[in-house]
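Enquirer: The structure that follows is given in the form of structure tokens.
Protein chains in written order, with the working numbering: chain Z, 69 to 225; chain P, 69 to 225.
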């Protein structure tokens with residue numbers, strides 16, 4: 069749909085602008101700002117999405133919701149594979165991650181890709197946080213446009 | 069629809085972040101960066117939107133398209149009123165401008181509103197530019213959430 073593209077464009081431009089501005093700042097600062105935008109967006113967005121829903125059974129139930137409803141509302145497809153070690157680590161695999169599908173696979177661009185993942189890491193972390201789960205979310209590109217998000221749950225001591 | 073909200077949130081967060089970062093920079097710089105993001109987004113977006121369409125008859129025809137199809141794809145409503153002096157000035161009135169509908173009308177927030185217009189000014193300017201029309205776009209809040217966008221066409225001398 070043509071108006072999904074609008075979201076893609078706004079995301080792309082925000083990444084670009086922050087990356088340009090961070091010529092002075094470090095690359096980490098750029099990534100951390102994008103993650104922060106993602107966090108707030110995810111936090112608010114899942115609030116709306118779960119408004120009418122019953123309480124989740126457990127952590128795995130939340131993860132399944134994120135992989136299905138949350139992901140497909142945003143990216144128009146579900147996560148392709150969810151794995152867990154049952155000790156607080158979850159790995160989400162998206163075989164066609166939307167924000168990088170239009171990018172070339174050449175080495176030059178692959179180097180640029182990590183900054184296109186930061187917003188989405190934040191999205192996941194914000195969504196989980198709204199549902200009471202503290203986590204650290206990282207991402208890596210397996211083989212473009214395939215992408216792996218790793219969620220490490222932070223238990224309170 | 070719930071996924072329109074996603075676009076709203078991403079916009080809001082981008083404004084917030086740029087505004088925060090511009091504690092060091094000036095307020096104008098923040099507005100100009102948002103306008104720039106909007107310009108690129110509008111430029112690319114209308115390219116997709118007009119892909120299958122016939123050539124426009126004239127400038128007024130373009131403006132009508134912006135007020136109807138372009139505006140409703142993005143903001144889910146049309147521009148409420150379009151006026152022109154037939155000398156290159158167009159005034160677009162949106163009685164319920166989406167980006168500020170959720171904001172309070174109190175003085176404190178009204179002062180903050182102009183930075184929520186910059187992205188949209190850029191959107192319009194970018195869209196027109198893609199269709200071969202150079203312009204300057206400004207905006208003002210009439211009475212929240214009512215908003216007036218003024219387009220001044222720049223003729224080549």
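Glycine included, every Cβ here is placed at the ideal spot set by N, Cα and C.
Does the beta carbon of residue 109/Z sit closer than 8 Å to a beta carbon anywhere in chain P?
Expert: As a first step, residue 109/Z is located in the first chain; it is residue number 41 there, counting from the start. Closer than 8 Å: yes.
Enquirer: Considering only residues of the same chain and omitting the five flanking positions on each side of residue 168/P, which have a CB-CB separation below 6 Å?
Expert: Mapped onto the second chain, residue 168/P falls at position 100. So the list reads 181, 184, 212 and 213, once near-sequence residues are dropped.
Enquirer: Any C-beta of chain Z sitting closer than 8 Å to the C-beta of residue 124/P?
Expert: Here residue 124/P is taken as the residue at index 56 of the second chain, counted from 1. Not closer than 8 Å to any Cβ of chain Z, the Cβ of residue 124/P fails to qualify, so no.
Enquirer: According to the neighbour-count rule (16 or more other Cβ atoms, all chains shown, within 10 Å of its Cβ), is residue 131/Z buried or exposed?
Expert: Taking the first residue of the first chain as 1, we reach residue 131/Z at position 63. Looking at its Cβ environment, which holds 16 or more other Cβ atoms inside 10 Å, residue 131/Z is buried.
Enquirer: What ranges does the beta strand (DSSP E) occupy inside the region 121-207 of chain Z, keeping only unbroken runs of at least 3 residues that lie completely in it?
Expert: Counting whole runs of 3 or more residues, the region 121-207 of chain Z contains the beta strand (DSSP E) stretches 149-152 and 157-162.
Enquirer: Of the residues 96/Z, 141/Z and 102/Z, which one's Cα is nearest the Cα of residue 118/Z?
Expert: Reading the first chain from its first residue, position 50 is the one you call residue 118/Z. When only C-alpha atoms are compared, the closest one is 141/Z.
Enquirer: For residue 207/Z and residue 110/Z, which I take to be in contact (beta-carbon distance under 8 Å), what is that distance rounded to the nearest angstrom?
Expert: Working through the first chain from its first residue, we reach residue 207/Z at position 139. Working through the first chain from its first residue, we reach residue 110/Z at position 42. Not a contact, Cβ separation roughly 14 Å.
Enquirer: Whose Cβ in chain P lies nearer than 7 Å to the Cβ of residue 101/Z?
Expert: Position 33 of the first chain, counted from the start, is the residue given in the question as residue 101/Z. The answer, in chain order, is 85.
Enquirer: Report yes or no: is there a C-beta of chain Z within less than 8 Å of the C-beta of residue 216/P?
Expert: Residue 216/P sits at position 148 when you count from the first residue of the second chain. No - not a single Cβ of chain Z is within 8 Å of the one on residue 216/P.
Enquirer: Can you tell me whether residue 302/P is buried or exposed? The criterion is at least 16 other CB atoms within 10 Å of its CB, across all chains shown.
Expert: There is simply no residue 302/P to check, as chain P begins at 69 and stops at 225 in what is shown.
Enquirer: Report yes or no: do the region 145-164 of chain Z and the region 215-222 of chain Z share at least 3 C-beta pairs separated by less than 8 Å?
Expert: Segments in contact, yes.
Enquirer: Would residue 201/Z pass as a contact of residue 113/P if the rule is Cβ separation under 8 Å?
Expert: Walking along the first chain from the start, residue 201/Z turns up at place 133. Walking along the second chain from the start, residue 113/P turns up at place 45. No, Cβ-Cβ distance for residue 201/Z and residue 113/P is not below 8 Å.
Enquirer: Would a check of beta-carbon distances place residue 201/P closer than 8 Å to chain Z?
Expert: Here the question's residue 201/P lines up with position 133 in the second chain. By this cut-off, residue 201/P is not an interface position.
Enquirer: Secondary structure at residue 214/Z, three-state DSSP: helix, strand or coil?
Expert: On the first chain, position 146 is the one that residue 214/Z refers to. DSSP places residue 214/Z in strand when its eight states are reduced to three.
Enquirer: Please work out which residues of its chain come closer than 6 Å, Cβ to Cβ, to residue 103/P, disregarding the five sequence neighbours upstream and downstream, and give them in chain order.
Expert: Within the second chain, the letter at position 35 stands for residue 103/P. Excluding positions up to five away in sequence, the list reads 186, 189 and 190.
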